[in-house]
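Structure first, then comments.
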Amino acid sequence: MTINEYKIIQAYLNQACGIVLNDNKQYLVKNRLGNLLPKFDLASFSELATAIQSNSTLSSKVKVAVVDAMTTNETFWFRDDMQFLELKEKIFPDIFAKKTGTIKVWSAACSSGQEPYTISMCAEDAAKKSSKHQNVQIIGTDISETILQEAKSATYSELALSRGLDSQTKSQMFQKTHDGYKLNANIVRKVRFQQFNLLKPFSVLGRFNIIFCRNVLIYFSDEVKRDILSRMADSLEPGGFLFLSSTEAMPPSIKTLEPVRGGRARYFKKIA
Ligand SMILES: C[S@@+](CC[C@H](N)C(=O)[O-])C[C@H]1O[C@@H](n2cnc3c(N)ncnc32)[C@H](O)[C@@H]1O
Numbered sequence: 564m565t566i567n568e569y570k571i572i573q574a575y576l577n578q579a580c581g582i583v584l585n586d587n588k589q590y591l592v593k594n595r596l597g598n599l600l601p602k603f604d605l606a607s608f609s610e611l612a613t614a615i616q617s618n619s620t621l622s623s624k625v626k627v628a629v630v631d632a633m634t635t636n637e638t639f640w641f642r643d644d645m646q647f648l649e650l651k652e653k654i655f656p657d658i659f660a661k662k663t664g665t666i667k668v669w670s671a672a673c674s675s676g677q678e679p680y681t682i683s684m685c686a687e688d689a690a691k692k693s694s695k696h697q698n699v700q701i702i703g704t705d706i707s708e709t710i711l712q713e714a715k716s717a718t719y720s721e722l723a724l725s726r727g728l729d730s731q732t733k734s735q736m737f738q739k740t741h742d743g744y745k746l747n748a749n750i751v752r753k754v755r756f757q758q759f760n761l762l763k764p765f766s767v768l769g770r771f772n773i774i775f776c777r778n779v780l781i782y783f784s785d786e787v788k789r790d791i792l793s794r795m796a797d798s799l800e801p802g803g804f805l806f807l808s809s810t811e812a813m814p815p816s817i818k819t820l821e822p823v824r825g826g827r828a829r830y831f832k833k834i835a
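Numbered by the numbering used here, the letters in the sequence shown go through residues 564 to 835 in order.
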């Protein structure tokens, strides 16, 4: 791969999905995009770069596949488990007690679905302990249609289940099928999925009481990160909550989201 071909791929990824690739990531790009060459009948990275720059039907398929191949879909159940303990034992019970009407949660960049389904499990658990009937709607979005197909199937391998679930939850929440383990309908029912690029306006999604935006902003520039978080703050109802992963920081320029103190996990509240 020549430097020029690398620069074309680098610029495309930045413009299409916000991902910033440093100048020293040629090996990663070669590794991840190498498989696309035979798949699309391309003879070289030069032909791949040409496809990225053109507007044919084939080239749009190549571009989708490039984003799919270059995004990292790592995820697991109850990732940052203290955040989910706080959600189940504090946030949902408080909202259930105060709010009437549907409670809306957004899992932005949800990958194969473990995050929104974990949120759904927490909602189910909190609802069982609440005297009020509560309707919780969770939307999981991701840029990758391919990974969303996995999320929608709600069927996971034994290995995927072993990452973050205890044996009791596994046996209570999943049914063995011919192609894996299917999550129970009462958990799946609360979640819907939609392909969505975080670089696009959020207004089509509506407003939320809780947003999870974890382990995706790390791939973006500081400017894009600030822009996304500022628009997420605008998409939250007053008093709503935002979760980043425990290792991600809130840029100081975002004044409408303040850290919640005294909880078991770090998260942010929209100032009313
Ligand atoms: C590492 S996973 C995080 C999954 C989950 N949030 C978690 O913390 O376990 C990052 C996800 O971000 C998605 N992604 C990357 N760029 C995106 C963008 N511009 N818009 C929406 N999703 C994006 C990827 O497809 C990938 O599934």
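Heads up, the beta-carbon is just placed ideally off N, CA and C, and yes, glycines get one too. Here the structure is a predicted model, which means the values were calculated and not measured.
Query raised in the report: Quick one: what's Ser766 bridged to in DSSP?
Result: For Ser766, which the question treats as bridged, DSSP gives no partner whatsoever.
Requested in this report: Give the range of the alpha helix (DSSP H) segment to which Ser808 is assigned.
Outcome: Run containing Ser808: none; DSSP gives neither H nor E here.
Requested in this report: Give me the Cα-Cα distance between Tyr540 and Arg789, rounded to the nearest whole angstrom.
Outcome: Given a span of 564 to 835 for the chain in the structure shown, any question on residue 540 remains unanswerable.
Report task. Please go through the stretch 707-750 and give each complete alpha helix (DSSP H) segment of 4 or more residues, from N-terminal end onward. Result -> 708-716, 721-725 and 730-736
Report task. Would you list the one or two residues that DSSP bridges to Arg827? Result -> According to DSSP, Arg827 bridges with nothing at all.
Query raised in the report: Just curious, the alpha helix (DSSP H) that Thr613 is in, first and last residue?
Result: Residues Phe608 to Gln616.
**Report entry** Whether Lys593 touches Met564 by CB criterion (8 Å)
**Finding:** yes
Query raised in the report: Is the CB-CB distance between Arg752 and Glu800 below 8 Å?
Result: no
Query - Three-state secondary structure assigned by DSSP to Ile834 - result: Correct three-state label for Ile834: coil.
Report task. Return the chain-ordered list of same chain residues with a C-beta closer than 7 Å to the C-beta of Ser683, the five sequence neighbours on each side being excluded. Result -> Ile701, Ile750, Lys753 and Val754
Query raised in the report: Can you list, in chain order, the residues of its chain whose CB lies under 6 Å from that of Gly581, leaving out five sequence neighbours each side?
Result: Leu762, Phe783 and Val787
Query raised in the report: For Ala714, does the count of other Cβ atoms within 10 angstroms reach 16, so buried, or fall short, so exposed?
Result: buried
Requested in this report: In the DSSP assignment, find the beta strand (DSSP E) that holds Glu652 and state where it starts and stops.
Outcome: That residue, Glu652, is in no beta strand (DSSP E); it is neither H nor E in DSSP.
Query raised in the report: Is Phe608 near Gly727, with beta carbons less than 8 Å apart?
Result: no
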